[in-house]
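Read through the structure below, which is laid out as C-alpha cells, and then see the notes.
Numbering (this note's numbering), first residue to last: 2 to 447.
Below is the structure:
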C-alpha cells in the first residue's frame, strides 16, 4: 500500500513521494518520472475508454448546463454549446488523445537540448505534475469546441501515420526485449541455473505451439474460401518468413558471432507476427466470409456485422495491442538501468550518464541520478509519447475512419496494409539483428 501511495504522491512532486514511500526501496528520479508519464498516459486511455460507453450520454445529459440550456426566473443564462451525443464515442477519443499528443509535443519542444538536472527545464520535466494535468484538461476542453468538419478527417490521416511510426518503435522495443530476455537467461543457465534453461525450453515451446495453433485457426476461419486469396497470401508468406528466420537464428555461422541468438527470440517474434497478421485481417471490410467476427466464430452465426456507430466497441485485437503497448511502456521506463544487448530506443543515455555514481538513499526516498548528465533524452521520450497518443487513438477506435456525416465509422483498406507491412518490418528487423554481427564483424554489438 505504501508503494501505491508513493506512486500517487509522485504525481504532485518528489517531496510527497518521499513522505509516502518510506517502505519502498530507494528510487531514481529519472525512473519515477518516466513511470509517472506512463501512468498519465494510462489514465488518459482509461478516460477515453469510458467515453466509448453507450450509456454515458444519458449520464452527461443529467449534468446541469452541459447539454441543455439553464434558465433563471425564466431568463436563459447559458447558451447551448455542445450536444451530449457529440462528446461521446470515437470522436471523443480523437479529441482526448489529441490533447495528450499536443501536450507531449509541447514538452518535446520545451525539453530540447537538456543535458543534466541542473538545467532549470529539468525541474519542469520532473515536477509540476498538477499544472501538467491542468494543461491537458484545458487543451481537452478546448478541442471539444472544434467542429468535426476538417478536424476528424485530418486526425484520421495524422493518427494513421503517427500510429504506424509508433508500431515501428514498438517493434524495435519488442526485439530488444526478447534479445535481452534470452541473453539474461542464457547467462543464468551458464552460471549453473537449470531452471533458467528449463524456462527457455518451456517458453520457446509454448510460443511455437501457440503460433502453430493460431495459424491453423487463421486458415480455418479467415482463409478457408477461395475468395479469401489475399488472406491466404498474408498467412502463407508470414509463415514462410517466420520459418526462414527461425532456421537462420540457429545456423552455426550465426551462433559463432551471436552466441545468445536462439529459438526463444524466433518463437516470440513468430507469435507476434501471427498476431499482427490476425489484426490486419480483422481490419478488412466485414463480409462474413473472410473476416468473421468473434460472435460469428463462437455461435456459427453470420448475421452479425461490425459495430461502426462509434460507441462502446473495442475489438479483441485492440485490447491485446493495448496490453502489449503498456507492457512495453513499463519496459522502456526501466531499460536504461539494465544493460540491453541491442540498444535502447526510449531514454537513450549518454556515455557520461552511464558512469554516474550517485549514492543510493535508503528509506524509500528518490535521489537525483542526473547531476552529470540526463539518464535519457527528454525530447525523444516525449516524441515517442506523442506518437503513442495517436497509436492509442487509432487502437481504441479500431483503426476505423469517420464517414462524411461523422455519425458512423468504416473500415479502411489502408489499415490492413499498415499492419501487414508492420509484420514484415518486424521480421526484417529481427533478421537484421541476428545477421548484423556476421556482416559487421569488427563492430561490438554487446
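We treat Cβ as the ideally placed atom computed from N, Cα and C, and that holds for glycine.
* **DSSP state of residue 148 mapped onto helix, strand, coil** => coil
* Asked: With DSSP run on the structure shown, which of helix, strand or coil describes residue 55?
  -> coil
* Given a threshold of 16 other Cβ atoms within 10 Å of its Cβ, counted over all protein chains shown, does residue 146 qualify as buried or as exposed? -> exposed
* To do: With a threshold of 16 other CB atoms inside 10 Å of the CB of residue 1, please say whether the residue is buried or exposed.
  => As displayed, the chain neither begins before 2 nor continues past 447, which places residue 1 out of reach and without an answer.
* Hey, residue 403 and residue 206: beta-carbon distance below 8 Å or not? -> no
* **At least 3 beta-carbon pairs within less than 8 Å: the stretch 228-248 vs the stretch 167-178** => no
* Report the partner residues of residue 99 according to the DSSP bridge assignment. => Residue 99 is not bridged to any residue.
* **C-beta atoms of residue 163 and residue 332 nearer than 8 Å** => no
* **For residue 277 and residue 420, believed in contact at Cβ under 8 Å, the rounded distance** => 5 Å
* What residue does the alpha helix (DSSP H) around residue 293 start on, and which one ends it? -> Looking at the DSSP string, residue 293 is not in any alpha helix (DSSP H), and its letter there is neither H nor E.
* Counted within 10 angstroms of its Cβ, other Cβ atoms place residue 252 as buried (16 or more) or exposed -> exposed
* Can you say whether residue 194 is buried or exposed, counting buried as having 16 or more other CB atoms within 10 angstroms of its CB? => exposed
* Asked: With respect to the alpha helix (DSSP H) encompassing residue 279, which residues constitute its N-terminal and C-terminal limits?
  -> 264-283
* Can at least three beta-carbon pairs, one atom from the stretch 111-126 and one from the stretch 175-190, be found at a separation below 8 Å? -> no
* When you compare each of 240, 144, 273 and 202 to residue 217 by their alpha carbons, which one comes out closest? -> 240
* Asked: Which residues does DSSP pair with residue 403 in a beta bridge?
  -> 410
* Shortest alpha-carbon distance to residue 440 belongs to which of 213, 124 and 258? -> 258
* **residue 239, enclosing alpha helix (DSSP H) - first and last residue** => 230-249
* Asked: Which residue's Cα is closest to the Cα of residue 114: 103, 375 and 266?
  -> 375
* With a Cβ-Cβ cutoff of 8 Å, do residue 35 and residue 334 count as a contact? -> yes
* **Assigned secondary structure, residue 378 (DSSP; H/G/I helix, E/B strand, else coil)** => coil
* Using 10 angstroms around the beta-carbon of residue 234, count the other beta-carbons present and answer buried if the total reaches 16, otherwise exposed. => exposed
* To do: Compare the C-alpha of residue 327 against each of 32, 412, 39 and 30 and name the closest.
  => 39
* Asked: Would a C-beta distance cut-off of 8 Å place residue 387 and residue 102 closer than the cut-off?
  -> yes
* Name the two residues that bound the continuous alpha helix (DSSP H) containing residue 214. => 195-223
* Asked: Does the stretch 128-148 come close enough to the stretch 93-112 that 3 or more CB-CB pairs lie under 8 Å?
  -> yes
* To do: Return the residue from the list 431, 45, 90 and 159 that minimises the CA-CA distance to residue 265.
  => 431
* To do: Assign residue 119 to one of three DSSP states: helix, strand, or coil.
  => coil
* Exposed unless 16 or more other CB atoms sit within 10 angstroms - verdict on residue 192 -> exposed
* Asked: How would you call residue 80, buried or exposed, if buried means at least 16 neighbouring beta carbons within 10 angstroms?
  -> Residue placement at residue 80 cannot be trusted, given a pLDDT of 48 that sits under 50; what the coordinates show is reported in the next sentence. It counts as exposed.
* To do: Would you identify the three-state DSSP class for residue 460, choosing helix, strand or coil?
  => Residue 460 falls outside the range modelled here, since the chain spans only 2 to 447, and no answer is possible.
* **Reduced DSSP secondary structure (H/G/I, E/B, other) of residue 89** => coil
* **Where residue 110 falls: helix, strand or coil (DSSP)** => helix
* **Enclosing alpha helix (DSSP H) for residue 329 [first to last residue]** => 317-335
* **Three-state class that DSSP yields for residue 259 in the structure shown** => coil
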